[in-house]
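Residue numbers (the UniProt record's numbering): 1 to 554.
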């Protein structure tokens with residue numbers, strides 16, 4: 001069927017639903033199994049609902065369902081990718097179709113990086129009025145069927161909820177039932193999807209008129225009260241932030257103040273001035289909804305996209321609280337889910353462009369220090385996948401090393417850790433530097449390194465013990481410990497800790513000789529793994545009853 005398979009290539013594709021009839025007729029079937037997310041939402045610290053401002057990203061690009069609709073990837077050159085997951089809390093996939101089911105590749109990439117994904121239910125113009133009249137004015141039976149279908153769709157495709165966007169006027173009967181519909185939908189989503197969310201877009205008012213408020217007020221408050229949050233329109237002024245915070249009270253983090261990166265209308269700042277809007281929003285302790293950050297790709301072009309993307313998010317980073325990884329194993333090759341070649345074990349296995357967000361790895365932080373350090377993606381060389389992580393910077397005169405924080409962690413340390421690293425030094429004199437990993441722990445008087453005679457480290461910095469060869473029994477898994485292929489150097493470490501809590505994983509680049517000169521370095525990271533020894537040495541679970549379906553031989 002054309003909805004599920006591309007008519008030209010027969011490949012499985014992601015899809016949307018148009019109109020009320022398609023929504024009410026929707027049933028899961030065997031053709032849409034490709035579209036079910038295979039990656040559960042990873043846990044994070046602090047949890048999404050902690051008392052701190054959140055960041056929502058609303059992805060709206062040229063109508064949606066572009067190359068990202070190909071569930072098994074495509075040979076796209078210079079695609080749009082998003083990878084600053086550590087800096088955001090919620091991802092919304094937006095289009096102007098009635099029911100936007102997020103393409104599964106986005107759900108997989110976001111979930112791997114602990115970010116929930118929402119679809120969009122939108123009604124607009126005169127068709128929207130008719131649709132709303134049909135399901136909202138019709139009474140409880142009809143609107144609860146719509147709520148049930150939306151909750152079932154999120155549950156079936158394993159994404160995390162809905163943005164509700166009613167952009168048309170409503171009759172008195174329809175608007176009268178709207179809060180009840182939102183409450184019903186929110187309850188159903190919460191029960192069908194663990195951690196599910198329903199967010200309302202600032203559009204119609206309690207009397208049914210369509211009039212964007214750019215704030216939370218008495219005209220739209222009953223919709224906010226009926227669901228998990230409000231996403232405001234973009235043309236706000238500072239006094240509206242103040243009124244919003246007062247009215248939201250304890251729920252100030254549930255108001256997502258809209259920021260249009262394209263800066264349409266009368267706005268504080270978009271483009272590379274988006275930080276001006278965020279600074280004000282955070283002054284009032286409110287959450288932010290960044291709309292169409294694909295501006296970087298659409299407006300500035302595909303050519304220098306990765307550089308421009310790092311610049312855009314680097315300017316916002318101080319206003320974006322990050323979330324930490326809280327489960328092991330942690331393993332990543334830093335792949336963006338795209339490339340100009342496919343690498344395996346450091347070798348370019350296949351030249352040619354590819355794009356598949358489901359293959360995107362866990363993404364690190366992307367720290368920037370003006371002039372001192374930059375973190376970027378390198379497509380020209382990688383250990384595995386399509387890209388590696390490039391660290392470039394300088395070691396200041398008189399200092400011996402520089403530490404680059406890759407991941408923030410928040411979990412109890414197991415008694416024994418294995419840590420592996422694959423790297424490649426670039427530049428004219430790679431032998432001038434050494435590269436190692438550093439693990440930091442949260443301050444506590446009782447945290448000790450493994451052997452009982454050791455003293456607590458000042459400021460909790462631990463340099464794991466270098467293992468020249470993997471321990472017996474782990475040789476296969478840690479094969480990288482003595483592989484130096486295609487110019488990549490591998491390192492294997494062990495760290496024993498007692499009563500500690502992991503905090504950060506950093507890479508330390510040191511110079512071999514002390515110097516009073518500033519020294520520049522460039523280093524590619526190909527892979528980092530942090531493994532709990534106990535779970536690595538236990539035997540893997542047996543797999544039974546494997547079946548294969550939807551096979552297509554060519």
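The C-beta atom is built at its ideal place from N, Cα and C for all residues, glycine as well.
Every value quoted in this text rests on a predicted model; they were computed, and no experiment measured them.
- A direct Cα-Cα distance of roughly 27 angstroms separates residue 116 from residue 302.
- Residues 78, 80, 296, 297 of the same chain have their beta carbon placed closer than 8 angstroms to that of residue 305, with the five preceding and five following residues left out of the count.
- By the Cβ rule, the stretch 186 to 199 does not count as touching the stretch 211 to 220, because fewer than three pairs are nearer than 8 angstroms.
- Counted as a single uninterrupted DSSP element, the beta strand (DSSP E) harbouring residue 162 occupies residues 161 to 167.
- Look at the stretch 229 to 261 and you find these whole runs of alpha helix (DSSP H), each 4 residues long or longer: 238 to 248.
- Out of 144, 316, 226, the CA that lies nearest to the CA of residue 86 is found in 316.
- Residue burial annotation: residue 71 is buried, with at least 16 other C-beta atoms found within 10 angstroms of its C-beta.
- A Cβ-Cβ contact shorter than 8 angstroms links residue 409 with residue 505.
- When only Cα atoms are considered, residue 197 and residue 7 end up about 34 angstroms apart.
- Given a length threshold of 4 residues, each whole run of the alpha helix (DSSP H) inside the stretch 93 to 148 is given here in chain order: 104 to 112, 125 to 136.
- In this structure, the straight-line span from the alpha carbon of residue 155 to that of residue 495 is close to 41 angstroms.
- Spatial neighbours of residue 349 in its own chain (CB-CB distance under 8 angstroms, excluding positions within 5 residues in sequence) are listed in chain order as 341, 342, 343.
- About 11 angstroms separates the Cβ atoms of residue 90 and residue 41, ruling out a contact at the 8 angstroms cut-off.
- Between the alpha carbons of residue 541 and residue 329 lies a distance of about 16 angstroms.
- Around residue 164, the same chain offers 121, 200 as residues with beta carbons nearer than 6 angstroms, after the five sequence neighbours per side are excluded.
- Shown here, residue 338 sits in a strand according to DSSP, grouped into three states.
- Bounds of the alpha helix (DSSP H) holding residue 276 are 274 to 283.
- With 16 or more other Cβ atoms from the protein chains shown falling within 10 Å of its own Cβ, residue 213 counts as buried.
- Taking a cut-off of 8 angstroms for Cβ pairs, the stretch 222 to 238 and the stretch 174 to 191 touch, as three or more such pairs fall below it.
- Residue pairing by DSSP places residue 82 in no beta bridge whatsoever.
- Among the bridge pairs identified by DSSP, residue 180 is matched with none.
- Using a Cβ distance threshold of 8 angstroms, residue 530 and residue 402 do not count as a contacting pair.
- Judged by pairs of C-beta atoms under 8 angstroms, the stretch 203 to 210 does not touch the stretch 253 to 271, as fewer than three such pairs exist.
- Membership of residue 221 in the alpha helix (DSSP H) is indicated by the continuous run 221 to 224.
- Residue 398 and residue 462 have their C-alpha atoms roughly 23 angstroms apart.
- Sorting 93, 365, 359 by C-alpha distance to the C-alpha of residue 62 places 93 at the top.
- Beta-bridge analysis with DSSP links residue 412 to 501.
- The residues 84, in chain order, have a CB closer than 6 angstroms to that of residue 313 in the same chain once the five nearest residues on each side in sequence are set aside.
- Residue 552 and residue 503 do not touch by the CB rule: their CB atoms are close to 48 angstroms apart, not below 8 angstroms.
- Where residue 22 is concerned, the enclosing alpha helix (DSSP H) starts and stops at 19 to 25.
- Following the DSSP letters along the chain, one finds residue 535 in no beta strand (DSSP E) but inside the alpha helix (DSSP H) bounded by residues 533 to 537.
- If you compare the alpha carbons of 107, 171, 278 with that of residue 128, the shortest gap goes to 171.
- For residue 156, the secondary structure class from DSSP, reduced to helix, strand or coil, is helix.
- For residue 350, the enclosing beta strand (DSSP E) has its first and last residue at 347 to 355.
- When secondary structure is reduced to three states using DSSP, residue 210 falls in the strand class.
- Taking 8 angstroms as the cut-off, the Cβ atoms of residue 75 and residue 414 do not count as close.
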